[in-house]
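Undergrad: Pasting a structure below so you can have a look.
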Amino acid sequence: MPDDFERMWRDLEPVGRSAATGGYFRQPWTSPERELHDWFLAQARARDLEVTGDELGNLVAWWRPAGALPASASPGVVTGSHLDSVLDGGAYDGPLGVVSALAAVDLLRARGFVPRRPLGVAVFVEEEGSRFGMPCLGSRYATGALGWRELSGLRDRDGVPLPDAVGAATAEALEAQEQAGPAVRLSRLRDQVGVFVELHVEQGRALVDRNAAVGVGSGIWPHGRWRFEFTGRADHAGTTRMEDRADPMLTFAMTALAANKQARLAGQRATFGRVEAVPNGTNVVPSSVTGWLDARAEDADALATLVEAVRTQAAARAERDGTSLSIAAESHSPAVWFDPRLVERVAAEHEGGDWPVLPTAAGHDAGILAAAGIPSVMLFVRNPTGVSHAPGEHAEVPDCLVGVSALADTLERLASVEATG
Ligand code: GLV
Ligand code: MN
Ligand code: MN
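Count the sequence shown with the working numbering and you get residues 10 to 430, in order.
Spelled out as structure tokens, the structure:
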């Protein structure tokens, strides 16, 4: 089995990799991401897994052995993750969960295990929201948290509408499905997935500190994205006196500092990682600056307080700078607690003692499925660098293989019984 994991990992290594940075650019509905999609279909075929999916690109490859009850009678045990990346991302965030899921199926088959319920390997599209700004876009669509109506209005940063990115025929099919009633599509996924397990590279160093190869996720911090638009007045960078300017870059700069300070004071997280200036000329005072705030906190009140504090300071500074400010919430993911009985079971029922149980401040498809009422849980694999969403993201092969066997053990227990969970 180790060869299988490593062979698959090698297959994926060059896809979407930048020669300049070593990071990955696997944005949804671009050629690297479509190549990964096709790779997954080939892997499913090679294992005789039957693939179901929706037009958006979400996929589930099912292992339905003869004698297993159909998903309609006994909802399946599903594992998996995503294959897209952030801009210049790491190799592991997403693909580790998909490759480990396929390797876990191989390991279960090598053990001679036969599931009593359908066992699925899922790939959700656009988890990172790196192209259309909406994180977990695919799983939100698949669970019904968002419909085609909302998605079809999204544009990427080059102004390409999502219906154009997915292609005319697909967009038409999605539109027709929406007209026919999205309830049909939604009930399908919810009826088919009885329990979801997502394996993921750890995105911090908690497992390094605890000297553990694998951990179990307890929940996800609430988080969201807010678009801050600062508008001022374009002017000459040389001839305009400093006191005569209405420079939105200043308001933005102070807002970024305020966000950092407020988050540090409160022990939460706030980041402006994306900014666009118009007209973006070295010798021009900008007419507008747009910055995207990513904020996360341990609970909903703390998140609301943090965002409000940033908003208040930004508005006060705009007044001083003679600029104006508008703020739009682009996405919100409420706090998620994974099914506590499932977390306890997964953490305790394995050879070799307890696995650490950790919350995470990163968003995941497992959080979206949990919020849709599907019992879900996550396994984390140690990341020696602690770095994520960047080329330095890493996991050692021996730890990945511990992850594969932890996942296989978990799936085996869950798929040995017909009832949910
Ligand atoms: C996704 O990984 C996120 O937490 O933004
Ligand atoms: Mn990520
Ligand atoms: Mn991820």
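Virtual Cβ for every residue (Gly too), placed ideally from N, Cα, C.
Does at least one heavy atom of ligand 3 sit under 7 Å from the Cβ of Gly103?
TA: Indeed, a heavy atom of ligand 3 lies less than 7 Å from the Cβ.
Undergrad: Pairs of beta-carbons, one from the stretch 384-398 and one from the stretch 251-260, closer than 8 Å: are there three or more?
TA: The stretch 384-398 is not in contact with the stretch 251-260.
Undergrad: Give me whichever residues DSSP pairs with Trp18 in a beta bridge.
TA: According to DSSP, which records beta bridges pairwise, Trp18 is partnered with nothing at all.
Undergrad: Quick check on the DSSP output: the alpha helix (DSSP H) that includes Phe122 runs from which residue to which?
TA: Unbroken run through Phe122: none, as it is neither H nor E.
Undergrad: Going along the chain, which unbroken runs of the beta strand (DSSP E) with 3 or more residues stay wholly within the stretch 288-329?
TA: Complete beta strand (DSSP E) runs here, min 3: 297-305.
Undergrad: Using the three-state DSSP reduction, which class does Asp256 fall into: helix, strand or coil?
TA: Three-state DSSP puts Asp256 in coil, outside helix and strand.
Undergrad: Return the Cβ separation of Ser90 and Phe34 in integer angstroms, given the expectation that the two are a contact with Cβ distance under 8 Å.
TA: Their Cβ separation, rounded to whole angstroms, is 18 Å, which puts Ser90 and Phe34 out of contact at 8 Å.
Undergrad: Could you work out which residue in Ala404, Leu423, Gly241, Leu163 is closest to Val294 when comparing CA atoms only?
TA: The shortest Cα separation from Val294 among Ala404, Leu423, Gly241, Leu163 belongs to Gly241.
Undergrad: If you count every other CB in all the chains shown that lies within 10 Å of the CB of Asp102, and 16 or more means buried, which is it?
TA: Classification for Asp102: buried.
Undergrad: Just to check, is the beta-carbon of Gly372 closer than 7 Å to a non-hydrogen atom of ligand 1?
TA: Yes.
Undergrad: For Asp408, which residues from the same chain have a beta carbon less than 6 Å from its beta carbon, with the 5 sequence-adjacent residues on both sides left out?
TA: Same-chain partners within the cutoff: Ala222, Val390, Arg391.
Undergrad: Taking the beta strand (DSSP E) that Gly85 belongs to, which residues open and close that run?
TA: Taken as a continuous stretch (DSSP letters only), the beta strand (DSSP E) holding Gly85 covers 85-91.
Undergrad: Can you tell me which of the three DSSP states Val223 falls into?
TA: Strand at Val223.
Undergrad: Do Ser27 and ligand 3 come close, with the Cβ less than 7 Å from some heavy atom?
TA: Result no, Cβ not under 7 Å from ligand 3.
Undergrad: Would you give the residue range spanned by the beta strand (DSSP E) that Gly147 belongs to?
TA: Unbroken run through Gly147 is the alpha helix (DSSP H), 146-152; no beta strand (DSSP E).
Undergrad: Which partner residues of Asp244 appear in the DSSP bridge assignment?
TA: According to DSSP, Asp244 bridges with Val294.
Undergrad: Quick check: the Cα distance between Val300 and Phe237, rounded to an integer number of angstroms?
TA: The identity of residue 300 in the sequence shown is Gly, whereas the question assumes Val. Cα-Cα distance, rounded: 5 Å.
Undergrad: For Val426 and Arg126, what's the separation of their Cα atoms in angstroms?
TA: If you take the alpha carbons of Val426 and Arg126, they lie about 7 Å apart.
Undergrad: Can you tell me which residues form a DSSP beta bridge with Ala286?
TA: Looking at the DSSP assignment, Ala286 forms a beta bridge with Val298.
Undergrad: Closer than 7 Å: is that where the CB of Pro144 sits relative to any heavy atom of ligand 1?
TA: The answer is yes for Pro144.
Undergrad: Taking only three categories from DSSP, how would you classify Arg391?
TA: Of the three classes helix, strand and coil, the one that applies to Arg391 here is coil, per DSSP.
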